[in-house]
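Trainee: Pasting a structure below so you can have a look.
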Amino acid sequence: MKVRSVFGAAYAAIAIATAVPAAAHGVGETVTPHFQQMIPNIPGKSLVALVVDYSPGGASPSHIHAKSAFIFGYVLSGEIESQVNDEPRRVYRAGESFYETPGSRHLVSRNASKTKSAKLLAVFVVDTGEKDLTTPVEQDSSSRREK
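Its first residue numbered 1, the sequence shown is counted upward by one per residue in the working numbering.
Written as structure tokens, this is what we have:
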């Protein structure tokens, strides 16, 4: 492996790791980086995995992801209520999955339970070096529906 490739891979890993530090983004939500790796046979793309822990009643704000991001979500435990774009809201249980295409708007992402915690694995295929993987957005009144 060339020295340039090693430094490039190390730089990309550091850039991704610092872009997604463990933090609370919503109420009762903690996001923790789990894995990041450049995809060797797809130049310019990386795989990033995050674990999202929701406390009972926890939720993420409405958000969009990096424009290059294709996202696969897998519920590790509990139940996650989700709504992407104009699709209907749905509750995903442990072992179920969903995806988001690039440019999607994630209107609802929250723990469906007020008494039990839930955990989600979010796997991104994203442009290497992308800094902002998630950006909160304002919801207009036609998008908001309280249960």
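Idealized CB from N, CA, C, for every residue including glycine.
Treat the numbers as computed from the prediction; the structure is a model and nothing was measured.
(1) Could you tell me whether the Cβ atoms of Arg90 and Glu81 are closer together than 9 Å?
(2) Hey, would you say Glu79 sits closer than 9 Å to Lys114, going by beta carbons?
(3) Using the beta-carbon count (16 or more within 10 Å), is Ile71 buried or exposed?
(4) Give the secondary structure of Thr30 by DSSP, where H, G and I count as helix, E and B as strand, and everything else as coil.
(5) Going by beta carbon distance, what residues of the same chain come within less than 7 Å of Thr135, once the five residues before and after it are set aside?
(6) With a Cβ-Cβ cutoff of 9 Å, do Val48 and Leu133 count as a contact?
(7) My output table needs one value for Ile42: the three-state DSSP class, helix, strand or coil.
(8) Return the chain-ordered list of same chain residues with a C-beta closer than 8 Å to the C-beta of Asn85, the five sequence neighbours on each side being excluded.
(9) Count the other CB atoms within 10 Å of the CB of Arg93; is the residue buried (16 or more) or exposed (fewer)?
(10) Rounded to the nearest angstrom, what separates Val27 and Lys45 at their Cα positions?
(11) In terms of DSSP beta bridges, what is Asn111 paired with?
Mentor: Well, looking at it:
(1) Contact: yes.
(2) The Cβ atoms of Glu79 and Lys114 lie no closer than 9 Å to each other.
(3) Buried is the call here.
(4) Here Thr30 sits in strand by DSSP.
(5) Closer than 7 Å at Cβ, skipping near neighbours: His63, Ile64.
(6) Cβ distance < 9 Å, so Val48 and Leu133 count as in contact.
(7) In the three-state reduction of the DSSP assignment, Ile42 falls in the coil class, being assigned neither a helical nor a strand state.
(8) Cβ neighbours of Asn85 beyond the five flanking positions: Ser104, Arg105, Leu107.
(9) Arg93 is exposed by the Cβ-count criterion.
(10) Their Cα atoms are separated by approximately 31 Å.
(11) In the DSSP assignment, the residues bridged to Asn111 are Ile80.
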